[in-house]
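J.: So the protein lines, in turn, are chains A and B. Sequential numbering from 1 applies to the first sequence in the UniProt record's numbering. Sequential numbering from 1 applies to the second sequence in the UniProt record's numbering. Heads up, the beta-carbon is just placed ideally off N, CA and C, and yes, glycines get one too.
Protein chains: 2
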Amino acid sequence: MPDSLISRTDSAYSYQLLIKQLLYAPLANNPEQEIVYRDQWRGNYLTLRERICRLANALTRLGVKAGDTVAVMDYDSHRYLECFFAVPMLGAVLHTINVRLSPEQILYTIDHAEDDILLINSDFLPILDQIKGRIDTLKGYVLLNDEAQSPHSSIPIAGEYEELLAESDTHFEFPDFDENTRATTFYTTGTTGLPKGVYFSHRQLVLHTLGVVTALATPLSQGRLHRQDVYMPITPMFHVHAWGLPYAATLMGLKQVYPGRYVPDHLLELIDREQVTFSHCVPTILHMLLKSPLAEKIDLSRWKVIIGGAGLSKALCLEAMRKGIDIFTGYGMSETCPILTLAHLTPEMFDLSVEEQAVIRCKTGVPLPLVQLRVVNEQGGDVPHDGRSSGEIVVRTPWLTQGYLKDHRASEKLWDGGWLHTSDVANVDGRGYVKITDRTKDVIKIGGEWISTLELEDIIAHCPAVAEVAVIGQPDDRWGERPLALVVRREEGEEKAAEKGILNFVREYTEKGMISKQVVLLKVRFVEAIDKTSVGKVNKVALREKYL
Amino acid sequence: MPDSLISRTDSAYSYQLLIKQLLYAPLANNPEQEIVYRDQWRGNYLTLRERICRLANALTRLGVKAGDTVAVMDYDSHRYLECFFAVPMLGAVLHTINVRLSPEQILYTIDHAEDDILLINSDFLPILDQIKGRIDTLKGYVLLNDEAQSPHSSIPIAGEYEELLAESDTHFEFPDFDENTRATTFYTTGTTGLPKGVYFSHRQLVLHTLGVVTALATPLSQGRLHRQDVYMPITPMFHVHAWGLPYAATLMGLKQVYPGRYVPDHLLELIDREQVTFSHCVPTILHMLLKSPLAEKIDLSRWKVIIGGAGLSKALCLEAMRKGIDIFTGYGMSETCPILTLAHLTPEMFDLSVEEQAVIRCKTGVPLPLVQLRVVNEQGGDVPHDGRSSGEIVVRTPWLTQGYLKDHRASEKLWDGGWLHTSDVANVDGRGYVKITDRTKDVIKIGGEWISTLELEDIIAHCPAVAEVAVIGQPDDRWGERPLALVVRREEGEEKAAEKGILNFVREYTEKGMISKQVVLLKVRFVEAIDKTSVGKVNKVALREKYL
Numbered sequence: 001m002p003d004s005l006i007s008r009t010d011s012a013y014s015y016q017l018l019i020k021q022l023l024y025a026p027l028a029n030n031p032e033q034e035i036v037y038r039d040q041w042r043g044n045y046l047t048l049r050e051r052i053c054r055l056a057n058a059l060t061r062l063g064v065k066a067g068d069t070v071a072v073m074d075y076d077s078h079r080y081l082e083c084f085f086a087v088p089m090l091g092a093v094l095h096t097i098n099v100r101l102s103p104e105q106i107l108y109t110i111d112h113a114e115d116d117i118l119l120i121n122s123d124f125l126p127i128l129d130q131i132k133g134r135i136d137t138l139k140g141y142v143l144l145n146d147e148a149q150s151p152h153s154s155i156p157i158a159g160e161y162e163e164l165l166a167e168s169d170t171h172f173e174f175p176d177f178d179e180n181t182r183a184t185t186f187y188t189t190g191t192t193g194l195p196k197g198v199y200f201s202h203r204q205l206v207l208h209t210l211g212v213v214t215a216l217a218t219p220l221s222q223g224r225l226h227r228q229d230v231y232m233p234i235t236p237m238f239h240v241h242a243w244g245l246p247y248a249a250t251l252m253g254l255k256q257v258y259p260g261r262y263v264p265d266h267l268l269e270l271i272d273r274e275q276v277t278f279s280h281c282v283p284t285i286l287h288m289l290l291k292s293p294l295a296e297k298i299d300l301s302r303w304k305v306i307i308g309g310a311g312l313s314k315a316l317c318l319e320a321m322r323k324g325i326d327i328f329t330g331y332g333m334s335e336t337c338p339i340l341t342l343a344h345l346t347p348e349m350f351d352l353s354v355e356e357q358a359v360i361r362c363k364t365g366v367p368l369p370l371v372q373l374r375v376v377n378e379q380g381g382d383v384p385h386d387g388r389s390s391g392e393i394v395v396r397t398p399w400l401t402q403g404y405l406k407d408h409r410a411s412e413k414l415w416d417g418g419w420l421h422t423s424d425v426a427n428v429d430g431r432g433y434v435k436i437t438d439r440t441k442d443v444i445k446i447g448g449e450w451i452s453t454l455e456l457e458d459i460i461a462h463c464p465a466v467a468e469v470a471v472i473g474q475p476d477d478r479w480g481e482r483p484l485a486l487v488v489r490r491e492e493g494e495e496k497a498a499e500k501g502i503l504n505f506v507r508e509y510t511e512k513g514m515i516s517k518q519v520v521l522l523k524v525r526f527v528e529a530i531d532k533t534s535v536g537k538v539n540k541v542a543l544r545e546k547y548l
Numbered sequence: 001m002p003d004s005l006i007s008r009t010d011s012a013y014s015y016q017l018l019i020k021q022l023l024y025a026p027l028a029n030n031p032e033q034e035i036v037y038r039d040q041w042r043g044n045y046l047t048l049r050e051r052i053c054r055l056a057n058a059l060t061r062l063g064v065k066a067g068d069t070v071a072v073m074d075y076d077s078h079r080y081l082e083c084f085f086a087v088p089m090l091g092a093v094l095h096t097i098n099v100r101l102s103p104e105q106i107l108y109t110i111d112h113a114e115d116d117i118l119l120i121n122s123d124f125l126p127i128l129d130q131i132k133g134r135i136d137t138l139k140g141y142v143l144l145n146d147e148a149q150s151p152h153s154s155i156p157i158a159g160e161y162e163e164l165l166a167e168s169d170t171h172f173e174f175p176d177f178d179e180n181t182r183a184t185t186f187y188t189t190g191t192t193g194l195p196k197g198v199y200f201s202h203r204q205l206v207l208h209t210l211g212v213v214t215a216l217a218t219p220l221s222q223g224r225l226h227r228q229d230v231y232m233p234i235t236p237m238f239h240v241h242a243w244g245l246p247y248a249a250t251l252m253g254l255k256q257v258y259p260g261r262y263v264p265d266h267l268l269e270l271i272d273r274e275q276v277t278f279s280h281c282v283p284t285i286l287h288m289l290l291k292s293p294l295a296e297k298i299d300l301s302r303w304k305v306i307i308g309g310a311g312l313s314k315a316l317c318l319e320a321m322r323k324g325i326d327i328f329t330g331y332g333m334s335e336t337c338p339i340l341t342l343a344h345l346t347p348e349m350f351d352l353s354v355e356e357q358a359v360i361r362c363k364t365g366v367p368l369p370l371v372q373l374r375v376v377n378e379q380g381g382d383v384p385h386d387g388r389s390s391g392e393i394v395v396r397t398p399w400l401t402q403g404y405l406k407d408h409r410a411s412e413k414l415w416d417g418g419w420l421h422t423s424d425v426a427n428v429d430g431r432g433y434v435k436i437t438d439r440t441k442d443v444i445k446i447g448g449e450w451i452s453t454l455e456l457e458d459i460i461a462h463c464p465a466v467a468e469v470a471v472i473g474q475p476d477d478r479w480g481e482r483p484l485a486l487v488v489r490r491e492e493g494e495e496k497a498a499e500k501g502i503l504n505f506v507r508e509y510t511e512k513g514m515i516s517k518q519v520v521l522l523k524v525r526f527v528e529a530i531d532k533t534s535v536g537k538v539n540k541v542a543l544r545e546k547y548l
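#1: Checking contacts by CB at 9 angstroms: is ILE25 of chain B closer than that to chain A?
#2: So which of B:ASP416, B:GLY417, B:ARG388 and B:TYR404 has the shortest CA-CA distance to GLY426 of chain B?
#3: Short of 8 angstroms Cβ to Cβ, which residues in the stretch 409-421 of chain A face chain B?
#4: Relative to chain A, which residues along the stretch 224-239 of chain B have a C-beta separation below 7 angstroms, given in chain order?
#5: Using a C-beta to C-beta distance shorter than 9 angstroms, which residues of chain B count as neighbours of MET252 of chain A?
#6: Return the bridge partner residues of ALA470 of chain A from the DSSP annotation.
#7: Flag this pair as yes or no: are the beta carbons of ARG38 of chain A and PRO259 of chain A separated by less than 9 angstroms?
#8: Is the beta carbon of VAL506 of chain A closer than 9 angstroms to that of VAL520 of chain A?
#9: Smallest Cα separation from PRO233 of chain B: which of B:GLN222, B:PHE278 and B:VAL206?
#10: Just reading off the alpha helix (DSSP H) that ALA458 of chain B is part of, what are its end residues?
#11: Please work out which residues of its chain come closer than 6 angstroms, Cβ to Cβ, to GLY391 of chain A, disregarding the five sequence neighbours upstream and downstream, and give them in chain order.
#12: What residue range is occupied by the uninterrupted beta strand (DSSP E) comprising TYR331 of chain B?
#13: Identify whether ASP10 of chain B lies in helix, strand or coil by the three-state DSSP scheme.
#14: Any Cβ of chain B within less than 9 angstroms of the Cβ of PHE350 of chain A?
#15: I'd like to check one pair, GLY311 of chain A with PRO338 of chain A: are the Cβ atoms closer than 9 angstroms?
#16: At a Cβ threshold of 9 angstroms, is GLN357 of chain A touching chain B?
#17: Taking the DSSP output, what are the residues bridged to GLU481 of chain A?
#18: Cβ atoms of VAL527 of chain A and LEU503 of chain A: under 9 angstroms apart, would you say?
#19: Quick one: give me the first and last residue of the beta strand (DSSP E) that PHE186 of chain B is part of.
#20: Under the rule that 16 or more other beta-carbon atoms within 10 Å means buried, what is VAL487 of chain B, buried or exposed?
#21: For LEU17 of chain B, which option in B:GLN33, B:GLY91 and B:ILE157 has the closest C-alpha, if you only look at C-alpha atoms?
#22: When we look at the beta-carbon of THR170 of chain B and count the other beta-carbons within 10 Å, is it buried (16 or more) or exposed?
#23: Quickly, what does DSSP pair GLY536 of chain A with across the bridge? List them, please.
In structure tokens form, the structure reads like this:
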């Protein structure tokens with residue numbers, strides 16, 4: 001239907017959705033709102049704009065041009081926020097390197113993404129020292145340094161970030177270009193195989209920002225983000241744009257706080273001192289924060305926290321709620337920019353008991369605007385929305401990676417049949433709330449019946465003796481698989497009695513019909529610690545290798 | 001930079017921004033929320049989807065195909081909402097006819113837009129009777145009828161809306177197509193010349209919806225739209241998509257109330273009965289509502305109202321505030337989809353006096369996200385943001401008409417230099433609030449000095465004896481122009497004394513330096529009524545013709 005496309009008069013401005021436009025609103029409405037980095041730096045949106053321009057000039061002087069790739073290895077900082085804008089606004093690609101990968105994996109991603117320039121925090125120079133001489137693509141290094149003196153390193157540094165900015169002009173005319181220009185790239189931290197690169201365009205990031213703000217700002221009260229909130233990420237900025245929230249916070253002109261390296265007591269101090277009201281993190285970090293003695297001393301009752309990256313257990317949810325924290329689940333993955341769903345409560349749900357509210361807060365949530373989310377069975381049909389029937393989550397939204405970088409086969413598998421396959425198994429209840437029960441590859445099949453390891457983990461986590469738990473499937477001749485619980489205990493003690501205690505605890509749930517009877521086949525093994533991936537998720541592949 | 005565009009793997013879904021996607025969120029999250037039409041019809045989002053499908057089937061049976069134009073002449077109704085979706089979702093164009101135009105003008109717009117099918121409320125058949133036989137393009141008529149019996153008319157009706165829907169299937173597979181496909185068309189109700197057609201694509205309407213929700217949902221409290229609000233338009237749906245709010249309300253899954261013809265007491269009854277909390281209207285309608293005795297009897301203290309289409313006077317603003325109404329200004333025009341700015345208060349401003357708050361609520365406002373708004377002098381340079389220096393508002397946003405339909409010269413003039421020219425003269429204060437002082441063509445030049453007729457009107461409106469006022473410029477040999485105030489009085493009485501009262505009233509403001517001394521040249525003329533355009537704006541062109 002070419003003749004029904006709108007015609008554009010010659011002089012009309014063709015408005016491409018570009019990251020630079022996210023800055024218009026805060027600069028017009030709230031330019032003096034604060035942006036804070038630890039106790040080291042305070043600026044505002046005017047400063048942000050000025051430093052983005054300086055950075056663009058500095059990078060241009062280092063030879064960066066449209067289409068080049070600029071990599072960053074830093075903690076969460078105002079500098080990182082500046083890179084979130086300046087690099088894509090130049091038409092270049094921002095590669096947010098996962099600093100928790102092994103040096104060999106980091107080398108692989110630098111090579112694979114064909115990075116041209118690397119901005120690196122002095123703390124990470126030792127990683128670079130291990131792989132130097134084998135990096136083919138990098139043409140320059142910029143040092144990010146919080147210390148007064150320069151670190152010792154054999155890396156040929158082109159300049160220190162603040163010095164380069166100080167030398168650079170405060171104005172830069174950012175060009176217009178196609179909104180489908182690649183803006184960011186990073187690598188999925190899968191538990192098997194080589195890291196896979198995902199990538200997002202300016203258009204995708206702008207639309208993700210609008211979708212996220214629309215979903216977070218519209219609820220009446222619970223889990224609501226508004227213009228007076230103070231935002232601090234506790235999911236690394238290298239990890240799926242810190243869930244895109246730095247872009248959303250900027251569009252809304254919020255006060256933003258960047259905490260540097262994640263040290264629990266330092267995070268708590270920042271929450272207290274800067275009056276942080278909105279964050280997001282994985283369950284592990286929240287657990288660490290809550291068990292700090294400092295958490296008892298500060299008021300967390302104005303703090304709203306989205307939990308993602310791993311399932312939120314009811315036990316942790318209730319513990320956070322007891323502290324007054326407005327906690328709820330968000331869901332997404334590297335391939336999805338990331339946010340797909342949020343588990344907000346509706347106002348009527350506040351009449352429910354705290355326990356019942358926690359169940360909803362721990363759900364995966366309801367889809368964001370523009371997200372077309374289906375839970376499908378193996379034939380591709382939608383499962384009934386009965387809270388029980390499960391299938392794989394497949395999605396279409398305007399902000400999904402359109403493939404894996406230079407990996408046609410994996411790209412086609414991801415997008416099989418025109419839907420992005422999440423590999424997450426879920427059900428949908430009558431109110432439309434999605435609940436992930438497991439990853440397709442992690443599900444346990446006992447005697448022909450699928451058992452959710454997440455559900456079983458959640459039950460065991462409630463057992464008073466248990467500090468942490470992960471469940472994997474142990475091959476079994478008779479049953480196919482049996483559940484094996486790897487348990488970190490709160491206190492040392494006799495193992496046999498402790499195991500019996502856990503088994504009895506679980507039996508209460510099976511007897512009440514709250515989980516399949518098959519789980520009485522549970523075995524328990526006590527371990528020192530549970531292996532995690534670089535982003536803090538339980539690494540079930542590693543656990544299986546180690547314990548099976 | 002073609003090589004830096006993101007690559008899309010063969011199977012990936014190319015997500016075009018289409019109006020149908022606005023329905024995903026309410027259907028997933030809140031399908032049983034109500035949609036109400038007067039006391040005649042109640043449905044919900046499931047019904048809405050079903051009726052959209054039925055309408056699409058009915059229109060297809062009438063021969064409507066992608067690229068065709070479907071025109072509507074109706075009051076604000078659930079049927080109109082269904083057309084807002086079904087027609088563009090078919091790939092056809094929705095022409096929202098301004099029913100307040102003269103029959104000759106309506107004929108002109110039907111011909112000019114090349115309408116194929118017309119859906120017409122029985123109330124408007126007499127208009128059609130006046131122009132029938134001269135309509136070349138229309139191939140079919142669908143009747144919209146609230147009455148039990150069919151009206152008498154010689155128009156060849158293909159069917160009645162409800163009957164056609166009842167005969168149609170409840171499923172329709174809406175196709176994907178290019179997001180730049182034209183979705184809507186309507187005509188500017190200018191006060192001079194022939195109506196000019198503007199047009200908007202699916203992409204533009206989706207982005208406008210996201211921009212509007214983002215701007216309305218994010219404030220802490222004042223003027224905030226949230227998921228528990230109940231929405232009722234009081235700006236006609238034919239007028240710039242009722243400011244796009246029906247799309248925004250649908251995306252958010254709000255309860256929606258459609259009032260039919262605007263009868264003040266009926267509107268008040270609906271606000272009361274359906275617990276309406278969010279509306280938008282022109283000052284004239286609000287004035288009519290507030291002066292109804294019924295307004296004294298019902299609680300308006302939960303009602304949030306955006307005022308647009310004409311400047312909000314401080315007097316009307318204060319009157320509304322006294323009733324507890326959360327009133328504030330929105331700004332836009334037919335060419336801009338429409339919303340560009342909103343005059344929200346920041347939380348600190350609640351410390352100001354009521355009078356001072358009213359001044360801000362009457363400002364034009366701050367730009368929405370993604371809106372690049374400049375106030376420029378005749379050389380195209382930005383004026384200082386000092387609240388005094390004035391210039392023309394020019395804009396770039398993703399939701400501006402890309403021209404006037406089949407009018408190259410006017411299109412190029414509108415987009416001169418790559419910015420959409422609003423012809424509105426404004427200043428910007430130090431906090432970024434824009435304030436329109438006049439239309440470029442309506443400004444009065446007294447002794448070489450520009451005077452804002454809006455400011456002068458606002459002062460005169462505060463005079464107790466004045467019910468309504470419009471100021472125009474009267475040619476004057478000595479001064480160039482002198483201000484002439486056309487005044488509708490509250491009570492009859494001796495004209496000479498009344499004029500003196502007004503002149504003395506204005507003099508107090510000039511003596512305090514609140515407006516230029518030049519306005520003491522004011523003349524007053526008492527009139528029965530002030531001429532309005534079809535959308536309720538003061539028609540200064542008509543006033544000049546009549547009184548000069």
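T.: Taking the coordinates as given:
#1: Checking the sequence, you will find Ala at residue 25 of chain B rather than Ile. Taking Cβ atoms only, chain A reaches closer than 9 angstroms to ALA25 of chain B, which makes this a yes.
#2: Looking at the sequence shown, residue 426 of chain B is not Gly but Ala. Of B:ASP416, B:GLY417, B:ARG388 and B:TYR404, the residue nearest in Cα terms is B:ARG388.
#3: SER411, GLU412, LEU414, TRP415, ASP416, GLY417, GLY418, TRP419 and LEU420
#4: HIS226, ARG227 and GLN228
#5: THR214, THR218 and PRO369
#6: A:LEU486
#7: yes
#8: yes
#9: B:PHE278
#10: Per the sequence shown, residue 458 of chain B should be read as Asp rather than Ala. Where ASP458 of chain B is concerned, the enclosing alpha helix (DSSP H) stretches over 453-461.
#11: VAL375, VAL376, ASN377 and VAL383
#12: 326-332
#13: coil
#14: no
#15: no
#16: no
#17: A:PRO475
#18: no
#19: 182-188
#20: buried
#21: B:GLY91
#22: exposed
#23: Answer is none; GLY536 of chain A lacks a bridge partner.
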